[in-house]
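Visitor: Quick note: the sequence shown uses our numbering, first residue 1, plus one each step.
For glycine and all other residues, C-beta sits at the position ideal for the given N, C-alpha and C.
Note that the structure is a prediction, hence the values are computed from the model and not measured.
Structure in structure tokens, see below.
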Amino acid sequence: MTDEVRKDVLAVYADADAAIAEARPRCDASGRCCRFTEYGHTLFISAFEAEILLERAPFYEQPVSRDGCPFQIEGLCTARDSRPLGCRIYFCDPGYEARMSEITEDALAKLKRIADVHGTGWHYAPLHHFLNAPREAGPNDRAGDSMTPPVTRVPLPVVNHSGG
Ligand code: SF4
């Protein structure tokens, strides 16, 4: 990832963080949303987010299953600074649901625009897909497109299993 792309992606994170701070969703700190199978959803991320996450994330064992995130230790996120957009935006607060969809759509549209402008290609897949790829692989070496959800507009990077 070039410095320019990284700067643009981090600006998307900053915009999302600001929008979430304004919306002030409630978090019960249960940590369940990072235990994907138990919670019944899948965290999708882009190759941009995977690269930023892996630059600073702690060591983890491979292979990673789709059941949960290896960076959740004793209920806490150990990759908080570099966590992907879905982790930033998703809260289980029912009163925040509509705003969450808007923030998600806005962030995804911005990421896709960055991919277009910089000609990087668009790779979007479940977290474990990227965590099981070789760390040295670049975004274009990752076959994420085949795992893209079967709709072009998803309400959340976190997709309920029952919904597709
Ligand atoms: S990176 Fe952190 S917030 Fe995101 S799923 Fe993993 S433990 Fe949860």
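So what's residue 125 in DSSP terms, helix, strand or just coil?
Guide: DSSP places residue 125 in strand when its eight states are reduced to three.
Visitor: For residue 26, count neighbouring C-beta atoms within 10 Å of its own C-beta (all shown protein chains included) and say buried if the count is 16 or more, exposed if not.
Guide: It is exposed - the Cβ of residue 26 has fewer than 16 other Cβ atoms within 10 Å.
Visitor: If we call anything under 8 Å between Cβ atoms a contact, is residue 11 one with residue 89?
Guide: No. Outside cutoff.
Visitor: Does at least one heavy atom of the ligand SF4 sit under 7 Å from the Cβ of residue 29?
Guide: No, the beta carbon of residue 29 sits no closer than 7 Å to any heavy atom of the ligand SF4.
Visitor: Among the candidates 35, 109 and 113, whose CA atom is the shortest distance from the CA of residue 87?
Guide: Nearest of 35, 109 and 113 to residue 87, Cα basis: 35.
Visitor: Between the Cα of residue 68 and the Cα atoms of 128, 1, 21 and 122, which residue gives the shortest distance?
Guide: Of the candidates 128, 1, 21 and 122, the one whose C-alpha sits nearest the C-alpha of residue 68 is 128.
Visitor: The ligand SF4 and residue 72: does the residue's C-beta get closer than 7 Å to at least one heavy atom of that ligand?
Guide: Checking every heavy atom of the ligand SF4 against the Cβ of residue 72, one is found closer than 7 Å.
Visitor: Which residue marks the beginning of the alpha helix (DSSP H) containing residue 36, and which one marks its end?
Guide: Where residue 36 is concerned, the enclosing alpha helix (DSSP H) stretches over 36-39.
Visitor: Return the chain-ordered ranges of every alpha helix (DSSP H) run that is complete within the segment 14-81 and spans a minimum of 4 residues.
Guide: Counting only runs of 4 or more, we get 36-39 and 47-56.
Visitor: Which same chain residues, not among the five before or five after residue 110, have their C-beta less than 6 Å away from its C-beta?
Guide: Cβ neighbours of residue 110 beyond the five flanking positions: 12.
Visitor: Please find out if some non-hydrogen atom of the ligand SF4 comes closer than 7 Å to the beta-carbon of residue 79.
Guide: Answer for residue 79: yes, Cβ within range of the ligand SF4.
Visitor: State yes or no: is the C-beta of residue 87 nearer than 7 Å to some heavy atom of the ligand SF4?
Guide: Flag set: Cβ of residue 87 near the ligand SF4.
Visitor: Should the segment 45-64 be regarded as contacting the segment 90-101, the criterion being three or more beta carbon pairs within less than 8 Å?
Guide: The segment 45-64 is not in contact with the segment 90-101.
Visitor: Which stretch, first to last residue, makes up the alpha helix (DSSP H) that contains residue 99?
Guide: From DSSP, the alpha helix (DSSP H) with residue 99 extends over 97-118.
Visitor: So, for residue 91: in the same chain, excluding its five sequence neighbours on each side, which residues have a beta-carbon less than 6 Å away from its beta-carbon?
Guide: Closer than 6 Å at Cβ, skipping near neighbours: 25 and 27.
Visitor: Compare the beta carbon distance of residue 53 and residue 84 with 8 Å and say whether it is the shorter of the two.
Guide: Yes, Cβ-Cβ distance for residue 53 and residue 84 is below 8 Å.
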